[in-house]
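Report on the following structure.
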Amino acid sequence: MLARRRFPVPAFAAAAFLLILLIGTSRPARALAETDVAFAVAQSPAAPATVQVGSHVTFTVTATVNASLGVVPLLLDFDYPPGLTFLSGSSSPPGVTCTNDVPAPGIVRCDYGVVGTGPRSPVTLTFSIQSTATTAAAQAVMRAGVSDGAPDSAADGDDSFTGAGTLTVFAGSMFTANGTPSPAATFERAAVTYTATLTNSSGAATGAFDASLQLPGAVVQSISCSSGTPGPAGFAQANCAGANLADTETLTITADLLPQDTASGDDVAPRLVAAALGVDVPLPGITVHEVGLQRTSGAPAVGSPVTVCTAAVAADVANTAAAGAAQPNDLTRMKGTNSAQAVLQLSDFTVTGPGGSVTAAAASGCGANQSGVTFTPAAPGTYTVTARYNTGGTNVLTIDVPGGSNPVPTLAAISPASAAAGSGALTITLTGSNFIAASEVRWNGSPLAAVTYVSSTSLTATVPAGLLAAPGSASVTVHNPAPGGGTSAPQTFTITAPAAKLAFTTQPGNGTAGSPLAVQPVVAVQTAAGATVTTDNATVVTLSVSGGATLTCTGGLSKTVSAGVAAFSGCTVTPAGTGYTLLATSSPPLTSATSAPFDVTAAPPASTSQLAFPAVTGPVPRSRLTFAVDSGTLNPAEVRLTIRRSWDNKYWNAAAAAWQTDPVQNVMTSAGGTAWQLAITGVARRSFVDTTVTIEAFATAGGNEYRSAATATIAIR
């Protein structure tokens, strides 16, 4: 065999080659001609259409390159209209990268990279529809490079944009809502049937949506829906899931409900809500009554009978009346323990006094269809008459029976016992004993203008905002006037400094991408001096992460503080990176806080048998040394190979054509279909003479990392 002679390359020839290379790689992007690229955009749903807020619209872009663009990349700029929010952009198969707000806000740029002639991978852009939006062919532009000066628009030439036009979002004005209670007026815990209707006048079918008949102050017993699936009963709303209305069609929601027992017989104010259709409207309400109670006897006194009857009472009057309506003598609205009688019986009333239960008799002399009780106080103090009806409805009348002299009050507790400075007027509840109708609540020795008497063991009082303006403490007492009487021992009310800032009281720990951080963050609402505001149970703390990473936490990124503290759990950061920080902000706004930096390491690649090595028999000649990998069904964007020499455990670096101590993953070339290869050529083959190597494959597919489940050992001669 004749040996090949090697001739040195003259210096001037090498310099000329370098000059040609530099000139070739630095040539400017050429303008994109109309015939260079043919592309089409298809919008779904096609306009004109009426859609739900939050629904999606997609734009599928297909491009065919008819003439080489040289070394410049092919770009698609999609200038989407206000009303759309970008969600994602991807190609099939993967390979095209889409980035929002590039090159300017409101534009999505998709980079095909440097391309040859022929069809490109279809690209799908997905947006969320937030309000009425109009698309047009001029919004889609192809470019060769970032500034070729002659973009190719779907609004001209042989390119196309199908389905463009106005996407109208459903609004409440497109629907008619109404509601009818039966009966329209009732009593606490009496059955009511409420029928709500929603008529579609939009001119288009709604598609599936969820509707809710909200009934605050009531408990729903059963639900029926003319369209969709009824939700569960037992809550203060009647839901219909997956309703669907054609144009002019009506959704009917029927709810059987019980108004709740409240302190003042609060009315039920229904609302019909279908968020996806922009519907949130009040409906005709349900008037809810308590049974009124009226003391009909003379002034209360020890040993004198006290009579209380049901009656129509306009307002509460201390010791005399509890506001409510007269009994209706109607079994559909009023039932006592004897369900066959609409007028309440003795067993439907209870009387308690200073010593506990009080013996009472059925009252006489009450109005038509009214009833009540008579009892005789045996000692001074507070007596309470309670009427019970409809299995859960109540009204209460409290009567103070005076004695020879007033007792000395005892104050056991106040609630709440603290507030933040500047938080505004506050109502406090005082509990203890020996309270009377004339009891006075005192703040640092001065009476509070607004002494409500609840019972002999309970008072309420309003502390005006001016007394809570600055941090400090106050002495709270209860005073009973003469004869007798006196002042209780004090309880302390604390006025804390106002909330000023957020602080990480527990810093986030390092973690692994896709897994919760080792230490979960805890954020506190603090005063300017750094003390936690333990009275705060309302501030909402929200977390975000630096570096464009993605942060998720169990229960969401926003949390309402408890005793001034928001403890987050299950927080995960992706992708891997170093020096991440968390930012804590709040509503209402306080000075934000930034956590200490932490690191997130990459998750180990998943093992897969899809990455396989063709079988090799006997030593492989180095003259035809090509390593091969089959990617199976992974459809990877990239496959990489590590090659480790057995006798010294060094790794082959294909880029440097040399063995090295540290592992290196060499990028393989697609050989068509599922085959990938890495060829060893030229003088690099000498490095493999009489060598045994172990190979392992790695791949990136669908944003996930994989490694071959097995390795292969190959002998090379």
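According to our numbering, the sequence shown is numbered sequentially starting from 425.
Where a beta carbon is used, it is the ideal one built from N, C-alpha and C, also for glycine.
Keep in mind that this is a model prediction, so the values were computed, not measured.
Endpoints, beta strand (DSSP E) assigned at residue i
i       : result
Trp1083 : Ala1082 to Gln1084
Trp1076 : Tyr1075 to Asn1077
Asp634  : Phe633 to Gln638
Val875  : That residue, Val875, is in no beta strand (DSSP E); it is neither H nor E in DSSP.
Lys983  : Ser982 to Thr984
Gly796  : Gly796 to Phe799
Asp525  : Note, Asp525: premise wrong, no beta strand (DSSP E); not H, not E.
Lys759  : It is not in any beta strand (DSSP E) - Lys759 carries neither H nor E in the DSSP assignment.
Ile1119 : Thr1115 to Ala1125
Asn624  : Val616 to Asn624
Asp503  : Pro497 to Asp503
Val741  : Segment: none, Val741 is in no beta strand (DSSP E) and carries neither H nor E.
Cys733  : Val730 to Thr734
Gly1003 : Gly1001 to Tyr1004
Ala466  : Val461 to Ser468
Glu1062 : Glu1062 to Arg1069
Met1092 : From DSSP, Met1092 is part of no beta strand (DSSP E); its letter is neither H nor E.
Through-space distance from residue j to residue i, alpha-carbon basis
i       : j       : result
Gly1106 : Ser1047 : 9 Å
Tyr877  : Val775  : 18 Å
Ala811  : Arg719  : 13 Å
Ala893  : Gln915  : 20 Å
Val809  : Asp960  : 38 Å
Pro527  : Pro543  : 25 Å
Ile677  : Ser626  : 20 Å
Tyr504  : Asp583  : 18 Å
Ser1143 : Ala687  : Outside the shown range of the chain, which is 425 to 1141, sits residue 1143, and nothing can be said about it.
Arg757  : Thr619  : 18 Å
Pro1038 : Pro1029 : 22 Å
Ser552  : Arg533  : 17 Å
Ala1017 : Ala595  : 39 Å
Asn743  : Ala723  : 9 Å
Thr623  : Leu591  : 21 Å
Gly1003 : Thr459  : 48 Å
Pro1012 : Thr956  : 16 Å
Val969  : Thr509  : 21 Å
Ser514  : Thr963  : 39 Å
Gly530  : Pro506  : 8 Å
Asn934  : Glu1129 : 21 Å
Ala1108 : Thr482  : 49 Å
Status (buried if at least 16 other CB within 10 Å, exposed otherwise) for residue i
i       : result
Gly994  : exposed
Arg1110 : exposed
Ala844  : buried
Pro804  : buried
Asn663  : buried
Gly777  : buried
Asp501  : buried
Arg972  : The sequence shown places Gly at residue 972, rather than the Arg named in the question. So Gly972 counts as exposed.
Asn490  : exposed
Ser492  : exposed
Ser912  : buried
Leu883  : buried
Val1113 : exposed
Asn858  : buried
Leu1049 : buried
Asn830  : buried
Pro708  : exposed
Beta-carbon spacing of residue i, residue j below 8 Å
i       : j       : result
Asp1054 : Ala1081 : no
Val825  : Ala725  : yes
Ala588  : Gln467  : yes
Gln751  : Val730  : no
Phe928  : Val949  : no
Ala700  : Gln554  : no
Leu1146 : Val692  : The chain is shown from 425 up to 1141; residue 1146 falls before or after that span and cannot be answered.
Pro1043 : Ile1104 : no
Ala1027 : Thr936  : yes
Asp740  : Val712  : no
Ala1061 : Gly519  : yes
Ala470  : Thr586  : yes
Ala953  : Ala921  : yes
Just checking, does the region 575-582 make contact with the region 596-613 on the three C-beta pairs under 8 Å criterion? no
If contact is defined by three or more beta carbon pairs under 8 Å, each pair taking one atom from either stretch, is the region 646-654 in contact with the region 670-685? yes
When you compare the region 759-773 with the region 842-861, are there three or more beta-carbon pairs, one atom per stretch, that lie closer than 8 Å? no
State whether the region 895-913 contacts the region 812-821, with contact taken as three or more CB pairs (one from each stretch) at a distance under 8 Å. no
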